[in-house]
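Residue numbers for the sequence shown, in my numbering: 100 to 358.
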Amino acid sequence: MSLDGKVALITGGGQGIGRGIALRLARDGADIALVDVNVEGITSVAAEIREIGRKAETIEADVADRDQVFAAVDSAAVALGGLDIMVNNAGIAQVSPLDDVTPAQLSKIWAINVDGVLWGIQAAAAKFRQLGHGGKIINASSIAGHDGFAMLGVYSATKFAVRALTQAAAKEYASEKITVNAYCPGVVGTDMWVTIDQRFADLTGAPVGATYEKFVEGIALGRAETAEDVASFVSYLAGADADYMTGQSVMIDGGLVYR
Numbered sequence: 100m101s102l103d104g105k106v107a108l109i110t111g112g113g114q115g116i117g118r119g120i121a122l123r124l125a126r127d128g129a130d131i132a133l134v135d136v137n138v139e140g141i142t143s144v145a146a147e148i149r150e151i152g153r154k155a156e157t158i159e160a161d162v163a164d165r166d167q168v169f170a171a172v173d174s175a176a177v178a179l180g181g182l183d184i185m186v187n188n189a190g191i192a193q194v195s196p197l198d199d200v201t202p203a204q205l206s207k208i209w210a211i212n213v214d215g216v217l218w219g220i221q222a223a224a225a226k227f228r229q230l231g232h233g234g235k236i237i238n239a240s241s242i243a244g245h246d247g248f249a250m251l252g253v254y255s256a257t258k259f260a261v262r263a264l265t266q267a268a269a270k271e272y273a274s275e276k277i278t279v280n281a282y283c284p285g286v287v288g289t290d291m292w293v294t295i296d297q298r299f300a301d302l303t304g305a306p307v308g309a310t311y312e313k314f315v316e317g318i319a320l321g322r323a324e325t326a327e328d329v330a331s332f333v334s335y336l337a338g339a340d341a342d343y344m345t346g347q348s349v350m351i352d353g354g355l356v357y358r
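Set out below in structure tokens:
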């Protein structure tokens with residue numbers, strides 16, 4: 100997939116799936132803006148992107164803050180000469196029985212996983228309009244956005260919400276040639292899943308690693324997902340071959356949840 104001459108912004112680009120997406124889009128020819136609160140992470144990923152031969156810009160920002168997201172998009176467009184692709188990847192997980200969820204916990208995960216995606220959608224659409232062209236908005240949902248998981252109830256709710264935002268934005272922006280789609284990963288071998296597994300162990304008494312292994316055993320293709328598996332699909336969504344696709348939230352999970 101050629102993304103030559105394109106500029107992509109990835110939130111949560113300092114680690115995990117975000118890093119994988121950033122590197123893949125760079126290899127496909129795009130210049131990359133990395134947005135994260137993890138400054139060390141995006142600095143490291145930017146160095147990797149420059150080794151590939153593409154431009155990279157790092158921007159420290161909290162996606163839960165609307166003003167910071169709009170400022171990040173503005174900075175990226177100035178530094179890299181435009182914006183064509185917005186990947187709203189930043190997110191956190193939260194493992195808890197529903198009975199134990201506190202207002203503070205709910206507010207935190209919702210602000211990052213849902214508000215952050217909405218601010219990214221708004222900022223990207225505004226920038227595309229200012230630049231006088233359409234663009235690609237690509238959001239991070241999850242298999243948990245198709246099937247609510249026990250102990251991940253609030254996380255699941257945030258990912259269902261991302262699907263709804265994706266559909267609504269696709270309908271609102273279609274006339275402006277802005278497509279909006281979402282990717283829905285499964286069990287990816289990243290730090291987020293290490294945290295999920297540890298939290299399940301703390302709550303249930305299961306051995307560390309057991310929850311992760313149980314989920315992986317349910318994958319039809321027989322292995323855990325990698326960040327590169329996710330990134331290859333995001334690359335498709337970012338490119339011209341997906342120009343006629345909008346409003347979709349597609350699972351890339353190796354065969355775990357079927358819809």
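C-beta atoms are modelled at their ideal positions from N, C-alpha and C, and glycine is treated no differently.
>> If you reduce the DSSP assignment to three classes, tell me which class I318 lands in.
In response: Here I318 sits in coil by DSSP.
>> On the criterion of 16 or more Cβ atoms from any shown chain inside 10 Å, does T265 qualify as buried, or is it exposed?
In response: Under this definition T265 is a buried residue.
> I101: which of L108, R118, R123 and T110 sits nearest, CA to CA?
Replying inline: A quick correction: the sequence has Ser, not Ile, at residue 101. Looking at the Cα atoms, R123 is the closest of the given residues.
> Which residue from A267, F259, G190 and E275 puts its Cα closest to that of H95?
Replying inline: Any question about residue 95 goes unanswered here, given that the chain covers just 100 to 358.
> In three-state DSSP terms, what is L197?
Replying inline: In this structure, L197 counts as helix in the three-state DSSP scheme.
> Any idea what DSSP makes of N137, helix, strand or coil?
Replying inline: In the structure shown, N137 adopts coil according to DSSP, grouped into three states.
>> Please state the DSSP three-state secondary structure of T110.
In response: DSSP places T110 in strand when its eight states are reduced to three.
> Run through DSSP, which three-state label would L251 get?
Replying inline: Note: L251 maps to strand in three-state DSSP.
> Within 10 angstroms of its Cβ, does D166 collect 16 or more other Cβ (buried), or is it exposed?
Replying inline: By the 10 Å Cβ count, D166 comes out exposed.
>> Considering only the alpha carbon of each residue, which of G180, L179 and V186 lies closest to V329?
In response: For V329, the nearest C-alpha among the options comes from V186.
> Taking one C-beta from the stretch 139 to 146 and one from the stretch 347 to 354 each time, how about it: are there three or more such pairs within less than 8 angstroms?
Replying inline: Taking one beta carbon from each stretch, the stretch 139 to 146 and the stretch 347 to 354 have fewer than 3 pairs nearer than 8 angstroms; the two do not touch.
> Within 10 angstroms of its Cβ, does G308 collect 16 or more other Cβ (buried), or is it exposed?
Replying inline: Taking all protein chains shown into account, G308 has fewer than 16 neighbouring C-beta atoms within 10 Å of its C-beta and is therefore exposed.
>> Once the 5 residues before and after A225 are set aside, which same chain residues still bring their CB inside 6 angstroms of it?
In response: Cβ-Cβ distances below 6 angstroms link A225 to nothing in the same chain once the five nearest sequence neighbours on each side are left out.
> Is the distance from the Cβ of A268 to the Cβ of V279 below 7 angstroms?
Replying inline: Going by C-beta atoms, A268 is nearer than 7 angstroms to V279.
>> Let me make sure I understand the geometry here. Which of L197, T325, D340 and E147 has the alpha-carbon closest to that of P42?
In response: Within the shown structure, residues of the chain are numbered from 100 to 358, placing residue 42 beyond reach of any answer.
> Okay, do the stretch 212 to 231 and the stretch 161 to 178 touch, 3+ Cβ pairs below 8 angstroms being the bar?
Replying inline: Flag = yes, the stretch 212 to 231 and the stretch 161 to 178 touch.
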